[in-house]
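Q: Read in order, the letters of the first sequence correspond to residues 1 to 594 in this note's numbering.
Here a beta-carbon is modelled for each residue, glycine too, at the ideal position from N, C-alpha and C.
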Amino acid sequence: MQDPQFEHITSQDRLSEVIEKDLKKRDIIAIDTEGTSLDPYANKLLLLQIGTPEKAYILDIRKLKDFSLVKELLEDPKRLKLTQNGKFDYEALKVSLGIAMKNIYDTMLAEALLNAGLESSPRLSSLKLLAKNYLDVDLKKEIRETFMAGGKITKDQLEYAALDVLVLFPIFGKQYAKIKEKSLTKTAKLEFAVLPVVGEMELRGTAIDVNKWRTNLESLKIKRDEMAKKIQSEIRPLYKNSQADLFGNMGNVVNLNSQKQLMELFNDKLGLELPSTGVSFLQKAHHPVAQLLLEYRGYEKLLSSFGENLISKINKKTKRLHPDFFQLGTATGRFSCSNPNLQQIPRDATFRSCFLAKKGYKLINADYSQAELRILADYSRDPAFVKAYRENADLHTLTASQMYNVPFEKVTKEMRQATKTINFGLMYGRGAVSIGIQIGISADEAKKLLDKYFKTYEGVKKWLDKAAAEAVQKGYAETRIGRKRWFTLPDKSDPSYTREIGSIERAAKNHPIQGTSADMTKLALVFINARFEKEGINGGIVHTVHDEIVSEVIEEQAELASKIQQEEMVRAGETLVKNVPIVADVAISDVWGH
DNA sequence: AGAGGTGGTG
DNA sequence: CATGCACCACCTCT
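#1: Which of helix, strand or coil does DSSP assign to GLY98?
#2: Mapping the DSSP letters down to three states, classify THR332 as helix, strand or coil.
#3: What are the residues that DSSP puts in a beta bridge with VAL553?
#4: Note the first and the last residue of the continuous beta strand (DSSP E) segment covering GLN49.
#5: Residues in the same chain with beta-carbon distance under 7 Å from LEU54, minus the five sequence neighbours each way, listed in chain order, please.
#6: State the CB to CB distance for the pair LYS44 and GLY150, rounded to an integer number of angstroms; the pair is presumed to be in contact (CB under 8 Å).
#7: For GLU202 and ASP348, which I take to be in contact (beta-carbon distance under 8 Å), what is that distance rounded to the nearest angstrom?
#8: Do the region 186-193 and the region 471-487 meet, that is, are 3 or more Cβ pairs less than 8 Å apart?
#9: Going by DSSP in three states, LYS81 sits in which element: helix, strand or coil?
#10: From the DSSP output, in three-state form, read off PHE67 for me.
#11: Rounded C-beta distance between GLU596 and ARG531? I'm assuming under 8 Å.
#12: Taking the DSSP output, what are the residues bridged to SER401?
#13: May I ask which residues mark the beginning and end of the alpha helix (DSSP H) holding TYR476?
#14: So, using beta-carbon positions, are LYS269 and LEU238 closer together than 8 Å?
#15: What residue does the alpha helix (DSSP H) around SER503 start on, and which one ends it?
#16: Among the candidates TRP463, LEU464, LEU163, LEU560, whose CA atom is the shortest distance from the CA of ALA587?
#17: Output the distance between the C-alpha atoms of GLY329 and ARG236, rounded to the nearest integer angstrom.
#18: Bridge partners for ALA584 per DSSP, in chain order?
#19: Taking ASN579 as the reference, give the member of ALA384, GLU458, ASN529 with the closest Cα.
#20: Quick one: residues in its chain with C-beta nearer than 6 Å to the C-beta of ALA446, no 5 flanking neighbours on either side, listed in chain order?
#21: Would you list the residues sitting across from ILE31 in a DSSP beta bridge?
#22: Using a Cβ-Cβ cut-off of 6 Å (strictly less than) and excluding sequence neighbours within five positions of LEU265, which residues of its own chain qualify?
#23: Going by the DSSP bridge assignment, what does SER589 pair with across the sheet?
#24: Out of MET108, VAL583, ASN216, which has the shortest C-alpha to C-alpha gap to ILE375?
#25: I need the boundaries of the beta strand (DSSP E) containing ASP106, first residue and last residue.
#26: GLU234 lies in the alpha helix (DSSP H); which residues open and close that run?
#27: So within the region 122-204, which uninterrupted alpha helix (DSSP H) runs reach at least 4 residues, ignoring any that extend past its ends?
#28: Under the three-state reduction of DSSP, which class applies to ASP13: helix, strand or coil?
#29: What does DSSP give as the partner residue(s) for GLU568 in the beta ladder?
#30: Could you tell me whether the region 154-174 touches the region 73-85, using the rule of 3 or more Cβ pairs below 8 Å?
#31: Less than 8 Å between the C-beta atoms of THR33 and LEU73, yes or no?
#32: Can you tell me where the beta strand (DSSP E) with PHE325 in it begins and where it stops?
#33: When the Cα atoms are used, what is the spatial distance from LEU226 to ALA388?
#34: Let me check one thing: in DSSP terms, what residues is LYS24 bridge-paired to?
#35: With contact counted as at least three CB pairs below 8 Å, one residue from each stretch, are the region 410-421 and the region 389-397 in contact?
#36: Give me the Cα-Cα distance between VAL279 and ASP76, rounded to the nearest whole angstrom.
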């Protein structure tokens, strides 16, 4: 990789020539862009590198006008494009040149699949590390920053830009062999198909009613401050420095956000001997100050996590929120979301209803009904579980009636709640002790209940045990499409061997369930996006939360789009889950939530 | 800067 | 023997 071959394209004629004479004949090309910003809406595109195995063409965007041939080349579904974090380039090209890249192999996503679940896997997939590990080439990434200034293109910058696409070919060769060897082709194809959908989703962003959001914050602030004042005056007598200051104000004696000071308060001053200041212990304390603190925490949490900071992320140009969706942000294949994380907005309508459709548009809220439990039923093929879903019976009530040996109609709320806790707990590999605590029964009683459960649902038990054993034996667990989650097995001599294995077993029971649910949602995103495009829907997907997909579409097409969305979610589910029906609930609304 | 605690989501 | 999956944001403290 010394002396990379490249050509700096600055004239329209030469651009047409290299496309006609060289690039059009290539089945595989590599794509990268350089610009002045990471925000596609603020970005000024400077370079577009189109690589072949032998040579990189570096298009000088500011010196060229007509990109129609480039568009044809990049949107051609038959030609494979190699990218590294192609979501960024997809968005940059879409906004700057109106080009929507198709048929992508992304080295970053592929590498994430090869390392899913392993420590620091996200850090293992930078181009610098890929080049080092696959090719033993040292890439200097410092030059990247120099593009931000947007000045004249230098020779160093050209060499850097060329290398970024040239290395992708040999990396692709070796990496794709690994993908095939580990039977990850299906998963990789799904991830690559999702990439442009995620790009579109991020570009579209979500509208937020700032005034409503701020009004909510104001009332929360008042309540929080009231609560803080109450607590301070309640505990002030316990502290020496409790006099009013020169102006007659009573000072704060503790910082209510300081875990350390709170422990001092509860244990030294109040003698409660709390092991921590977490919710469960504060509740059990049955102390007025603990109660007040819980209430204070509730408000403070909402204000700090979902306050002004979220509003500050609104894009200047679009006036909307454009969070980062990282499609392989988790070990199981789920999305993670940040800046801001719209996957953790409180369920409470006061918050969710602030996210709304733009004028003349509607939001389509859709989610899978009990996706994970249906997947567990499908995997285990447990007759009782499968029957419940086939007959569209309420699973929790049905399991309760069998466990407690009472007719379906005689199941009490408490019975249903207890079995519901077990049903969900199973998917986390949860044990009798922790289930007992939550239901409010002794560990012994919980164990009896679990034994009875597994006697009734032998298939479930068998499948869970097998999932755990196979993972420990193979070193990985996998989903319905073969998405792997890798485990680092501890050494037998490790003092924490048993604990480590236990943790692996729980994750291994969970991965096929959570991961297949993620596969399903991703497939649905691809299906919905394609159908919306095909049927000319004015609008698109704006948000996804694990088993939920939200779209924003023009009012006149809301009915049609909601039908499409539901159909495609079910179709995606049914391609992965065969023994149990898949149900998706849809609602058309002006705001997020049902 | 990074760890630990706390708490929001599915 | 102990035994709850997957995340991200904010706070304080070191």
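A: Quick answer:
#1: Judged by DSSP in its simplified three-state form, GLY98 adopts coil rather than helix or strand.
#2: Reduced to three states, the DSSP call for THR332 is coil.
#3: Beta-bridge partners of VAL553 (DSSP): LYS362, GLY539.
#4: DSSP places GLN49 inside the beta strand (DSSP E), whose first and last residues are 45-51.
#5: Here residue 54 turns out to be Glu, not Leu, going by the sequence shown. Excluding the 5 residues flanking it on each side, GLU54 has same chain C-beta neighbours closer than 7 Å at GLN5, in chain order.
#6: Between LYS44 and GLY150, the beta carbon gap of about 6 Å places them in contact (Cβ cut-off 8 Å).
#7: Rounded to whole angstroms, the Cβ separation of GLU202 and ASP348 is 25 Å, and the two are not in contact under 8 Å.
#8: As far as the Cβ criterion goes, the region 186-193 touches the region 471-487, which means the pair count is three or higher.
#9: If DSSP states are grouped into helix, strand and coil, LYS81 belongs with the strands.
#10: Reduced to three states, the DSSP call for PHE67 is coil.
#11: With the chain running from 1 to 594 in the structure shown, residue 596 is simply not present.
#12: Answer is none; SER401 lacks a bridge partner.
#13: Segment 476-478 is the beta strand (DSSP E) holding TYR476; no alpha helix (DSSP H) there.
#14: Their beta carbons are under 8 Å apart, which means LYS269 touches LEU238 by this criterion.
#15: Residues 497-534.
#16: Considering only alpha carbons, the answer is LEU560.
#17: Cα to Cα, GLY329 sits roughly 46 Å from ARG236.
#18: Beta-bridge pairing links ALA584 to TYR368.
#19: When only C-alpha atoms are compared, the closest one is ALA384.
#20: If we look at ALA446 and ignore the five residues flanking it on each side, its Cβ neighbours are ALA432, ILE435, GLY436.
#21: BP columns for ILE31 point to ILE50.
#22: For LEU265, the CB contacts under 6 Å within the same chain, skipping 5 residues up- and downstream, are VAL254 in chain order.
#23: Checking the DSSP bridge columns, you'll see SER589 partnered with LEU363.
#24: Considering only alpha carbons, the answer is VAL583.
#25: For ASP106, the enclosing beta strand (DSSP E) covers residues 104-106.
#26: For GLU234, the enclosing alpha helix (DSSP H) begins and ends at 210-235.
#27: For the region 122-204, whole alpha helix (DSSP H) runs of length 4 or above, ordered along the chain, are 127-130, 142-146, 155-166, 168-181, 185-204.
#28: In the structure shown, ASP13 sits in a helix (DSSP, three-state: H, G or I).
#29: According to DSSP, which records beta bridges pairwise, GLU568 is partnered with nothing at all.
#30: By the criterion of at least three beta-carbon pairs nearer than 8 Å, the region 154-174 is in contact with the region 73-85.
#31: Not closer than 8 Å, so no.
#32: First-last of the beta strand (DSSP E) with PHE325: 324-326.
#33: Per the sequence shown, residue 226 should be read as Glu rather than Leu. So the two alpha carbons sit approximately 50 Å from each other.
#34: For LYS24, which the question treats as bridged, DSSP gives no partner whatsoever.
#35: Output reads yes: the region 389-397 touches the region 410-421.
#36: Spanning the two alpha carbons is a distance of roughly 55 Å.
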